[in-house]
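A.B. asks: If you use the numbering used here, the sequence shown corresponds to residues 11 to 62, in order. Even glycine gets a Cβ: it sits at the ideal position worked out from N, Cα and C. Pasting a structure below so you can have a look.
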Amino acid sequence: MAVFGLSGTTYPVGTRVAIQGTGGSVDGFVDGDRLPLAWWEFTDVRPEDTTS
């Protein structure tokens, strides 16, 4: 599901974000643009699980 940053930018599925917070609602950031996220909009990925 695409998400919208507070800047108005739409970020596509798979966009990597920096996560802050815990529980059902967290904040994500992409290059300083804040994305208020709900639990169904993100997946935690451990650094060792990534290939890029």
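1) Hey, out of L45, G38, P46, whose CA is closest to I29's CA?
2) According to DSSP, V40 sits in a beta bridge with which residue or residues?
3) What's the call for L45, buried or exposed, on a 16-neighbour Cβ count within 10 Å?
4) Whole-angstrom Cβ separation of V40 and T25, contact assumed at under 8 Å?
5) Rounded to whole angstroms, what's the CA-CA distance from L16 to D43? Just pull it up for me.
C.D. replies: Reading off the structure:
1) Mapped onto the sequence shown, residue 29 falls at position 19. Nearest option by C-alpha distance: G38.
2) The sequence position of residue 40 within the sequence shown is 30, counting from 1. The partner list for V40 (beta bridge, DSSP) reads D43.
3) Mapped onto the sequence shown, residue 45 falls at position 35. Flag for L45 reads buried.
4) In the sequence shown, the residue the question calls residue 40 occupies position 30. In the sequence shown, the residue the question calls residue 25 occupies position 15. Between V40 and T25 a beta carbon distance of about 6 Å is seen, short of the 8 Å cut, so the two are scored as contacting.
5) Residue mapping note: residue 16 aligns to position 6 of the sequence shown, counting from 1. Residue mapping note: residue 43 aligns to position 33 of the sequence shown, counting from 1. Approximately 6 Å between the Cα atoms of the pair.
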